Structures are given as C-alpha cells and as structure tokens.
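Enquirer:
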Amino acid sequence: MYLLHISILLPIAAGIGIAFMKGLSHRFHLGWAVLIVPLILFAYFLSMIPDVRDYSLFYESIPWIPSLGIYFTVYLDGLSLLLSLLITGIGTLVVLYSVYYMERGQALHRFYLYLLLFMGAMLGVVLSDNMMVLYGFWELTSIASFLLIAFHHSKEESIRGAQKSFLVTVFGGFAMLTGFIMLYLISGSYSIRETIESISYIDDHSLFIPALILILIGAFTKSAQFPFHIWLPDAMEAPTPVSAYLHSATMVKAGIYIVARYTPVFGGEAVWFWLVSLTGILTMAYGSLIAIKKTDLKAILAYSTISQLGLIMSLFGLGSAALYFGYGSESLLYTTATTAGILHLFNHALFKGSLFMMAGIVDHETGTRDIRKLGGLMAVMPVTFSIALIGTFSMAGLPPFNGFVSKEMFFKATLEITELNIFNLEAWGLIFPILAWIASVMTFIYSLVIVFRTFLGTNKTEIPVHKLHEAPIGMLIPPVVLALMVLITGVYPDLLSGGLIEPAMASVLSPLLAEGERFDVHLYLWHGITSELWMTLGVVILGGVIYKFLPRWKTQYEEYIPRYTVNRFYSTAFRGLHRFAKRWTQTYMNGSLRNYLIYIFGFMLILIFYAFWRASDIQWNFSGYESFMTYENILLAGLIITALCIPIAKHRLSAVILTGAVGYLVTLFFVLFRAPDLALTQMVVETVSVALFLLCFYHLPELTPKSSRKYQALNLVIAIGVGVMVTLIALAASGTPQLASISEFFTRESYNLAGGKNIVNVLLVDFRGFDTLLEIMVLGVAALAIYSMINLNLTGRDLGSKHQALPKKEKEEEDQAKDKSLTVKPDNWNTVPLRSNDVFLQMSTKIIVFIILVFALYLFFAGHHQPGGGFISGLVTSASLVLMAIAFNTDTLRRILPVDYRYVIAWGLLISLATAAGSFLFGVPFMSQTFDYFDIPILGEVELTTALIFEAGVFMSVVGVTMTIILQIGEDR
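In the UniProt record's numbering, the protein residues as written are 1 to 973.
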C-alpha cells in the first residue's frame, strides 16, 4: 500500500494543488481546504500507536537509484511515530489557527504551499531510512523554512532573517551530508538501520569520529545550538503560525531527532557524550540568560526555545552514557536522561506552541508585542491569560503541568551523571547540575516576565481598555487544546508511557535491549521528597527574589552580559565577506561578454593542455580516416569562409546572419553523417537563436568595433587555441585505448527494454532520462531568471503585469514612449519598423504556422521510432509561435494565445516529475519506463509507452522556456 510514502507525498501534492487555487481565495479561506490534510495524517498516525506500542516496525521500500545504493525506504518506529504525531497534530492546530490569523489578501496560496511543503519534508526526515533521501528532505525543510520566514518579503527584516536561517542550516546540511558519505564508506550502506547493525565492526574506523562530528554540526545548526543559534531569533519575522509550527514543534526538533536517531551508532563514544551534553547545557544556560534581556514577546520565546532545545539536547547526550556499559542491568540504571529527553521533546512542543499562539493573539488584538507597552490584559483577555499561565508555568517546571515532570527528571539525570566514573567525568560532572539549576532559575524569571508584564498591572497599550477584547473563538481553540494537553499530561503523565515514551526509548537505546525485552517506564507527577524537588524549590525561591528586584539589576545586566555576542560576530563577518566578494567580483565582472568568454575558454585551454602535457598514455590517431568527398569539401570550405567573415562584419545584422549561416551549414553536416535527430535540433535551435539575437541586438546601442591590435590578437589566440584543443581532443579520443563501448548495448537493447527504435530518443527519455529531467529543470530556472531580470525595477511596479492600472499621467507618458519606439535606428540600419506591415508575410504565416504545427505533432508521436521527440517537437512549435510574433507582433500573439508560459514550464516539469515518480507505485526505480501493445479500433495494434507522457512534459517545458524568453525580450515596453 505504501501508506508511509503517501503520508510524505500527500502534503507536498496538496501544497502544489493549493498553489493553483489562488482564484478561489476570494470565495473562502484556503486554510479550510488545507486543514483536511494534516487532520487525515494525524488520524492515520494515531491509529498506528497500538502496533508501535508492541515494538512493531513498519517498513516500506521503493528502489530509487539502486546502482548507487539509494532506495526510497521509510519506516515507522517509536521515535518516528512520536515526531510524526507532533508534525501532523500541531500542524492541524496551526492551520486552524492560521485561518483566523491570516487575512485573505496575504497570498494564502503561497503561504499554504510553503507550509505543506515543509510538513511533507519534515515527515520525510523522520520517516526516511536512507541517508541520501533523508538529506534531500532535510534541505527541503531549509528551503521551505526560508520561504516561510521571508513570506513578508517587502520587509527587510524578513529577508535578512530568512537569509541567515538558510545560510546557517544549509551549511550544517552540507556538513551532515559529508558525514553520511563517510558512514557509507565505512559501512557500505546508506541505510540507518543497517549502519546500526554494523556498529560492532565500524566504530574503530579512522573516519568514524570525523563522521560523528560532521553529523553533529548538521544537528546543531538545525536545532539552534550554541554557537549556531543566531538564526532562530531573526526567524521570528515569520508570521506567528509559522513560529508556532516550525520554530517550536517541528523544524528545530529535526536536529534533536538526528541526535536521537544516531545515538545507537555513536552513543558509546566519549566524543559524542561530551559534545552533545556540553553543547546542550551551555545552550540552555546562554538562551535563558539572553531571554531575560528581551522585551518583544516573540523574541523572549525565541531565546527560551533555544534554551529548551539545549535542555533536550543535553538530555540525549547524558542518556548516551548508558550505551557505554552495553547490554546489561547496569546500563538500564542510567536511562533516566533519555526518558526525560523524549518526554520533554513532547512537552516542549505542547507548551511552546501554545505560547507562540498566545503571543500572536496579543499582537493581533493590541497591535504590539512589546511588553513595555502591554499590561492589564488579564481582565479583558481571560482565556489568553489562562493559556499564557499554563504554558509559562509548564516551561518554568511548576506543578501540576507536564513541564514539571520532565524537568524533575532532568534534574535527576544531571545528578545521576555525577555518580558515573566514565568518560573522565570526575569533578567535571558537577557542571551539569550547576548549569542546569542556574538556567532553570533564569527560565523561571523570564516565565514570570511573560505573564506578569503582559497580563497584570495597568493597561499601557494605545487601545483603550473598553475597546480591547478576547480573540475570536477559532483563534483560541488551538492554543486552548494545547494548554489542556499540557495540564492533562502533567496530572496524568503515565498516559504517555506505554504508547509513546517506551517505543521511542527502544528506538534510541536499541543496543540495550535483547530480543523480546521492553523498557518499563512509569511517569508520576509526585516523586516524593527528593533532591530534585529541593532544587525546584530553590529555583522558585531564588527566581522569585531576583524577579522582585529585576529593575535594579537588569540595567547592569544588559550593559555587560550581551555586549559581545555570536550574532554580532556573524553580522560583522558577513558584511566583511560581502564587501570583499563585491570588490573581488568587480575586478573581473565588468559587463563584457567577450571578457567572460575569454575567462571560460582560457581556463579550459590551460586545464586541458596541462592534462595533455601530464598524460603519458595518450595516443594520437592521425590515420585511418575516410577521404573527403567533393561536396564535403565544398561544404567545409563554405563553413570556414562564413566563420572567418563573422569577426570582420561591420554591422550586428551581418554578424547575426553569418552566425546563423554557420549553424545551418553544421546542420548539413549532421544530415550528411546520418544524424537526423541532431540535424533537426540544430536547425530549429539555430532558427530560434537567430530570432533571439535579433531581439537582443535591437535593444543595444550602435556597434563600435574595436580596432586595437592587442584586442584582436587576443581574440585570435583564444579562437585558434580552442580550435586546436577540440581537434586534439578528437584525435586523442579516437586513438587512445578506452573501455569497451556501450553503444552496442544501446543498439541491442533499445527496443527490447524501452520499445523504441530511435536510439537517440530512447537514450533521452529512458536510459538517460534523469539527465533530461535535470536539463529541463535547469532550462526552467534559467527562463524564470531571465523573466525576473527583465521585469526587475526599483519602483515597485511589476512590469510583467498586463492588467495593472497606471495613473493617467503615467499612462500618457507610456503611450508617448511607445509611439516614439515604433522606429529605431540600431547601428547604421535604415529605419526598421517594430511591428511588421508586410501583408505577404502575414498571409503566408497564417498557412505556414499550421503546417509547422502539424509537423511538430508528427515529430512528437514519431520520435520513439523515427527522428523526433518531445524536445524537437517543442522547439518546432516554438519556432512557429516566434514566426507569428515576427509576422504580426507579440501583443497579437498574446491575444490569440493568452497563455502565461511560466505556468507552461511549471506544468511541464510537474508532468515529467509525476511520470518519473510514478514508477514508485509499481515498486520499480525512479524514472523507469514501460511499454506494451494494445488493439485499438480502426488503428489496430498500437504501441503505447509511458515515455510519451514524459515527452509531453519535456515538450511543454521547452515551449514554455522558449516563449518566456522570446516574449519577454521581444515585447515593446
């Protein structure tokens, strides 16, 4: 059934569908349609609790790139189930909250696309077994997070926050990818489960510790651990639903998930213990210290999130000490830290999600999040006050809330670790309880600040008290549900033990269990009079006293403590690097295409000639070639003469025509050498390129040829060098002994395996279809980049929009500019009309276009057996549309075909991707194609192949790319 795969892909597919529902946003809030997706997934994962409670493992695998050991393998165990429930459960509440928080005019189709994309990516992270697949989803979370943080892209703070989060997390992702590759080199598998099973013979490898460190860097950056925490506070520029989802319950938990998942691999190492434990406890202390300084509600919650993430991280580090003993009763005595880490992972998502929603409600109703401008809201917003009280007291670790249970276990774990005589702890073990207690005191203080400064005292908002009111019921339901969960799981914490905590512990500490054994976890609100209870009383007493005198010492604290921060170092380093990069780039990026070509060709010449010089086994083949035929000599002479005429052309029009002539002569060579597919492609590409060159040169100033001898000499050297280089490559390739040619395999198997007689086309859509898929993606990105550059303007007006109303005066000026632009004098040409009035051309075009389109249709369907295919058909179709634009004008073409070709690109890519991924439904590798023969009335036996659907995607992408570029350059603005 592949239900786990569907659970990952469903949000992504739904997000894409929502993106095309922009036109419906004025009828109803798109959030209601989105709400169905996480709700269904949450119900599905809830139904899996009984099976996972029995330690059952649900495993599904689809081959993706088997030759590289990459399989789309997913599995559900206790740890992944816990995270999946948080992702989908809190995701459901966040979507409901956003329905009332986000207004319809805020591009909701984009917002929910990004949100669902992130949800699917997070599910991919926690469910993936293959490291390469996990990494792909990992980076997708960074991309989706970037888009969500920058949702208000008109604000500089949003762009800066998104950029910082992207740079930091992607840097960590690259480090983690390197660690994954090292693990593969050690174990020979990308599977996490297989790596865990092979730990006994890979832990002494020289790459084991480097892999450990690199994977931890990835985890630390994503979970905002010191010193990589700097991105999280700036990410608070995202809309509040995003903060409540990404930065409290899901994305920031991804790094903690990686640490938990890889604990069975690295947990027995002292390096792992010290790095994870110390980084976590230092992050907890640092985040709590800085949180007190902040005055913005979301900023306080951001640094409190950093602190709480450090707490959870330190617990998983301390819990890894149990793996030092291996299997045995002694190791089971030190599992408190892991139990507390898993429990607080769950608890933190609940109370922090409710607190972010509370902050959004306060901002929504009062217009500010600054606690200096708030106060006295308890009387007018009692429900919101109750939510804040429950959330902050749980965060502070007070009973009877769930944070008290996990915080007590945290204190117990830090005290237990001082009793261990391992990892050279000795007196260093006291660091953990001391820092834990100090950070808890600070946590208690900023929790009081959130509640008392916001809801007690007198009203300091700009809105009179009688006009303040509670938030809409729909906005209150999600945080109320989370607050009730905080209370219920605090009073009855053992409800979580069997169904969630025990299976998750079995995933994290799997080496400690023999087959058939289980962890026995029981959670209680009251543990009696214990050392950790006295620590809690100390936190409350000291924290209360410090809060009482907070105004007296906070000034000194703000003056000295945060003066030198990692964030300031990042900003200084980033600005310095930007200035250096700008100066360095300006030394060679001077806007001259000629210079850029010299750089490219010069580097190639140096590199290849150096390779020839160093190589000792190259054999040059100067014999055995067929003699030239007379017509070949004539064609070659014409090609050489035409090419030599280009550099001495006096006008751009002449240069363009000569360049096109060279391309057409090359096409004739392809015909002579029996390469019809190449000939068709070359001919059409040359036709469209000439038109594109003409459109570009139309906008350029008059040609001023360079007559400098130095200028011309360098051109000559580069030209001759490239020619000699290509000749030498051809001679070396044909003369040097190589591996056995694979051409015989394609000749023999193209029809048997792919059902096609045209080997070139079969290569493009089947054997090397992955290359074609990536190529059309690159073309699509290039076309959109060109579109963006042409429409870029600093006045804020979208030049690409045809329907935007302009002020009357501005409209008149634009019309006058259009009248003046009807004729131009580029170079020394005669006056050239922009809009053709050639009646013969227009009349003949009306006939020729249909002939070309019929030919394109033939090429599309014939391509699998005869010359043609989706790529060539797309080019021929584009050529017919370009002919219409030349004969008439671009406005006429847009009226006849009112198509936004950017959407054509998008649909083409989606169709190609859907065809490629559709093979997963049949349990075969990505991009696999199939064919069969069917009896169709009238037509008889017909071969049908899935490659034809892929070809349709390629066709649409090529048409969309070509027309987007042509029309944007050719339109008269």
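Even glycine gets a Cβ: it sits at the ideal position worked out from N, Cα and C. Because the structure is a prediction, the values reported are computed rather than measured.
Between residue 507 and residue 78, which are expected to be in contact by the criterion C-beta below 8 Å, what is the C-beta distance as a whole number of angstroms?
Expert: Rounded to whole angstroms, the Cβ separation of residue 507 and residue 78 is 5 Å, and the two are in contact under 8 Å.
Enquirer: Which residue comes first and which comes last in the alpha helix (DSSP H) that contains residue 75?
Expert: Counting along the chain, residue 75 falls outside any alpha helix (DSSP H), though it belongs to the beta strand (DSSP E) covering 70-76.
Enquirer: Could you have a look at residue 811 and say whether DSSP puts it in helix, strand or coil?
Expert: With a pLDDT of only 47 at residue 811, under 50, the local geometry of the prediction cannot be trusted, and the value read off the model is given with reservation. Reduced to three states, the DSSP call for residue 811 is helix.
Enquirer: Throw me the rounded Cβ distance for the residue 343 and residue 391 pair, which I believe falls under 8 Å.
Expert: In fact, because the Cβ distance is near 17 Å, the residues do not count as touching under 8 Å.
Enquirer: In three-state DSSP terms, what is residue 659?
Expert: helix
Enquirer: Do the CB positions of residue 282 and residue 226 come within less than 9 Å of each other?
Expert: yes
Enquirer: May I ask you to list the residues that DSSP assigns as paired with residue 130?
Expert: Looking at the DSSP assignment, residue 130 forms a beta bridge with 191.
Enquirer: DSSP state of residue 792, grouped into three classes?
Expert: coil
Enquirer: When the Cα atoms are used, what is the spatial distance from residue 312 to residue 953?
Expert: 47 Å
Enquirer: Determine the contact status of residue 269 and residue 351, defining contact as a CB-CB distance below 9 Å.
Expert: The beta carbons of residue 269 and residue 351 sit no closer together than 9 Å.
Enquirer: Taking 8 Å as the line, does the beta carbon of residue 354 fall inside it for any heavy atom of the ligand MG?
Expert: Looking for the ligand MG in the displayed structure turns up nothing, as the structure carries no ligands at all.
Enquirer: So what's residue 472 in DSSP terms, helix, strand or just coil?
Expert: Here DSSP, grouped into helix, strand and coil, assigns residue 472 to coil.
Enquirer: Could you pull the DSSP bridge partners for residue 945 from this structure?
Expert: Answer is 931, bridged to residue 945.
Enquirer: If you count every other CB in all the chains shown that lies within 10 Å of the CB of residue 286, and 16 or more means buried, which is it?
Expert: Residue 286 comes out buried.
Enquirer: Do the region 244-254 and the region 134-149 make contact, defined as three or more Cβ pairs closer than 8 Å?
Expert: yes
Enquirer: Alpha carbon to alpha carbon, how far is residue 714 from residue 969?
Expert: 31 Å
Enquirer: Under three-state DSSP, which class holds residue 963?
Expert: Helix at residue 963.
Enquirer: Using the rule of at least 16 other Cβ atoms within 10 Å of the residue's Cβ for burial, across every protein chain shown, is residue 18 buried or exposed?
Expert: buried
Enquirer: Can you tell me the Cβ-Cβ gap for residue 769 and residue 605, rounded? I've got them flagged as a contact below 8 Å.
Expert: Not a contact, Cβ separation roughly 34 Å.
Enquirer: Only counting runs of 4 or more residues, tell me where the alpha helix (DSSP H) segments fall wholly within the region 481-563, in order along the chain.
Expert: Those alpha helix (DSSP H) runs which fall completely within the region 481-563 and span 4+ residues are 502-508, 531-548 and 550-560.
Enquirer: Taking the C-alpha atoms as reference points, what is the distance between residue 476 and residue 384?
Expert: Computed Cα separation, rounded: 8 Å.
Enquirer: In whole angstroms, what separates the C-alpha of residue 652 from that of residue 695?
Expert: 11 Å
Enquirer: Please determine, among 839, 766, 883 and 846, the residue with the shortest C-alpha to C-alpha distance to residue 912.
Expert: Checking every option, the nearest Cα to that of residue 912 belongs to 766.
Enquirer: Hey, out of 681, 862, 446 and 432, whose CA is closest to residue 546's CA?
Expert: 446
Enquirer: Nearest to residue 407 by alpha carbon, out of 389, 525, 320 and 448?
Expert: 525
Enquirer: Would you report the Cα separation of residue 536 and residue 402, rounded to the nearest angstrom?
Expert: 14 Å
Enquirer: Tell me which residues share the same chain as residue 974 and place their Cβ nearer than 6 Å to its Cβ, disregarding the 5 neighbours each side in the sequence.
Expert: Nothing can be reported for residue 974: it is not among the residues displayed for the chain, which extend from 1 to 973.
Enquirer: Give me the residue from 11, 224 and 340 with the minimum Cα distance to residue 306.
Expert: Comparing C-alpha distances from residue 306 to each of 11, 224 and 340 shows the shortest one belongs to 224.
Enquirer: Could you tell me which whole alpha helix (DSSP H) segments of length 4 or greater appear in the region 899-923?
Expert: 901-918
Enquirer: Return the CA-CA distance between residue 234 and residue 99, expressed in angstroms with no decimal places.
Expert: Their backbone Cα atoms lie some 24 Å apart in a straight line.
Enquirer: From residue 938 to residue 691, what distance separates their C-alpha atoms?
Expert: Approximately 42 Å, taken between the alpha carbons.
Enquirer: Can you tell me the Cα-Cα spacing of residue 750 and residue 742, whole angstroms?
Expert: 12 Å
Enquirer: To the nearest angstrom, report how far apart residue 798 and residue 154 are at their CA atoms.
Expert: Because residue 798 sits at a pLDDT of 46, beneath the cut-off of 50, its placement in the model cannot be relied upon, and the following sentence gives the value as read from the coordinates. Approximately 14 Å between the Cα atoms of the pair.
Enquirer: Using alpha carbons as the reference points, say which of 509, 538 and 448 lies closest to residue 322.
Expert: 509
Enquirer: Can you look up residue 938 in the DSSP assignment and give me helix, strand or coil?
Expert: coil
Enquirer: For residue 430, collect the residues of the same chain with a Cβ closer than 8 Å to its Cβ; drop the 5 residues on either side in sequence, then sort them by chain order.
Expert: 418
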